[in-house]
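Engineer: Take this structure, written in structure tokens, and hold onto it; I'll ask about it next.
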Ligand code: F3S
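Numbering (the working numbering), first residue to last: 37 to 339.
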């Protein structure tokens, strides 16, 4: 149905929102995923229990959520030794075991909010390492989740790159939870050029992430413009944008409603909205409302 959507005339004569409502296709699910909801809940509970909590790195990759937490007195520190009094929250992305050992050495109370799905990847990677496999992590080298997984691989961990070289031996592959299945398939196909003695592949992609990716691809097929709502440093939101772009659809990436490109939206017939797993539902609702209802757009145009 792409290319069919035409700009809707927005004459100033008729201002009835119902009459001008634009069709918006929302990719489900939206709102926090289980792991993000859990991490935020644990941090807030910890604040009540300990009086003071810090998070080791940003709890989630969404500035709006971080601002809200900061208003409640929950801020991030870069290193365990900066935690001071109270408790230190390990974020949903997890952390290397060395960081946990450092907390123990310093007697820092730890609230472990590592998402159980990330924990599973850490455990699989650790087992592969113990069994003598080279562990290849398909993911983003500098992402905190990948760093946390590598921490469980000792000297046997490698981050996948198309140009990587592997010595003969046993190879185990795991994926960052936010990877796309297409990228994992490509990586495994590329690794088949090596003469390893054994290859084991673990699809550790989070099902929630996979569901959002599938929904993003479907929505991108039905609309002329996809609005991806998420934090700019959010890996899963970036992946959703990539998937929508690969479908040949125009994509805009926003963190909040004020960033909406209203004139582009006004020229577009059908608009899709997809959201990352750390994007608050209220932000998605606000954006859908604005895109759907030109009367609200006017509010921004006037400012
Ligand atoms: Fe966990 Fe999946 Fe969310 S890995 S943090 S439930 S996207």
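All residues carry an ideal CB built from backbone N, CA and C; glycine is no exception.
#1: Taking 8 Å as the limit between beta carbons, can you name the residues of its chain near residue 210, skipping five residues before and five after?
#2: Residue 310 and residue 245 - do their beta-carbons sit closer together than 9 Å?
#3: What runs of the alpha helix (DSSP H), each 4 residues or longer, lie entirely inside the segment 137 to 223?
#4: If we ignore side chains and look at the alpha-carbon of each, how far apart do residue 258 and residue 59 end up?
#5: Give the DSSP-derived three-state secondary structure of residue 63 in the structure shown.
#6: In chain order, what residues of the same chain lie with their CB nearer than 8 Å to the CB of residue 49, ignoring the 5 residues before and after it?
#7: For residue 90, decide whether its Cβ has a neighbour in chain B, counting only Cβ atoms nearer than 9 Å.
#8: Near residue 69, what residues of its chain come up, given a Cβ to Cβ distance below 6 Å and the 5 sequence neighbours on each side ignored?
#9: Pick helix, strand or coil for residue 285, following the three-state DSSP scheme.
#10: Rounded to whole angstroms, what's the CA-CA distance from residue 324 to residue 121? Just pull it up for me.
#11: Report yes or no: do three or more beta-carbon pairs, one from the segment 225 to 233 and one from the segment 262 to 278, lie closer than 8 Å?
#12: Do you know how far the Cα of residue 213 is from the Cα of residue 168?
#13: At 4 residues or longer, what runs of the alpha helix (DSSP H) sit wholly inside the segment 64 to 96?
#14: Would DSSP call residue 327 helix, strand or coil?
#15: Determine the DSSP secondary structure at residue 128, reduced to helix, strand or coil.
#16: Taking one C-beta from the segment 103 to 112 and one from the segment 72 to 88 each time, how about it: are there three or more such pairs within less than 8 Å?
#17: Under the three-state reduction of DSSP, which class applies to residue 264: helix, strand or coil?
#18: If you run the structure through DSSP and keep just helix, strand and coil, what is residue 111?
#19: Hey, would you say the C-beta of residue 27 is under 8 Å away from at least one heavy atom of the ligand F3S?
#20: Considering residue 253, what are the terminal residues of the alpha helix (DSSP H) in which it resides?
Structural biologist: From the atom records:
#1: Residue numbering aside, residue 210 sits at position 174 when the chain shown is read from its first letter. For residue 210, where only same-chain residues beyond five positions count, the Cβ hits under 8 Å are 157, 160, 161, 164, 171, 172, 173, 174, 185, 238 and 240.
#2: Translated into the one-based positions of the chain shown, residue 245 becomes position 209. Translated into the one-based positions of the chain shown, residue 310 becomes position 274. Cβ atoms of residue 245 and residue 310: not closer than 9 Å.
#3: 152 to 166 and 180 to 186
#4: Position 222 of the chain shown holds residue 258. Position 23 of the chain shown holds residue 59. Answer to the nearest angstrom: the Cα atoms are 11 Å apart.
#5: Reading the chain shown from its first residue, position 27 is the one you call residue 63. Note: residue 63 maps to coil in three-state DSSP.
#6: For the purposes of this step, residue 49 is identified with residue 13 of the chain shown, where counting begins at 1. Caution applies to residue 49, whose pLDDT of 39 falls short of 50 and renders its modelled position unreliable; the model cannot decide the point.
#7: The structure shown contains no chain B; it holds only a single protein chain.
#8: As a working mapping, residue 69 is identified with position 33 in the chain shown. Result list for residue 69: 244 and 313, in chain order.
#9: If you number the chain shown from 1, residue 285 lands on position 249. Three-state result, residue 285: coil.
#10: Here residue 324 refers to the residue found at position 288 when the chain shown is read from its first residue. Here residue 121 refers to the residue found at position 85 when the chain shown is read from its first residue. A direct Cα-to-Cα measurement between residue 324 and residue 121 gives close to 42 Å.
#11: no
#12: Stepping through the chain shown from its first residue, residue 168 is reached at position 132. Stepping through the chain shown from its first residue, residue 213 is reached at position 177. Each residue's Cα considered, the two are about 23 Å apart.
#13: 70 to 86
#14: Looking up residue 327 in the chain shown gives position 291. DSSP, read as helix, strand or coil, puts residue 327 in helix.
#15: Mapped onto the chain shown, residue 128 falls at position 92. Coil, per DSSP.
#16: yes
#17: As a first step, residue 264 is located in the chain shown; it is residue number 228 there, counting from the start. If DSSP states are grouped into helix, strand and coil, residue 264 belongs with the strands.
#18: Within the chain shown, residue 111 is the residue found at index 75, counting from 1. Residue 111 falls in the strand class under three-state DSSP.
#19: No statement about residue 27 is possible, as the shown extent of the chain runs from 37 to 339 and does not include it.
#20: Residue numbering aside, residue 253 sits at position 217 when the chain shown is read from its first letter. Counting along the chain, the alpha helix (DSSP H) containing residue 253 begins and ends at 243 to 258.
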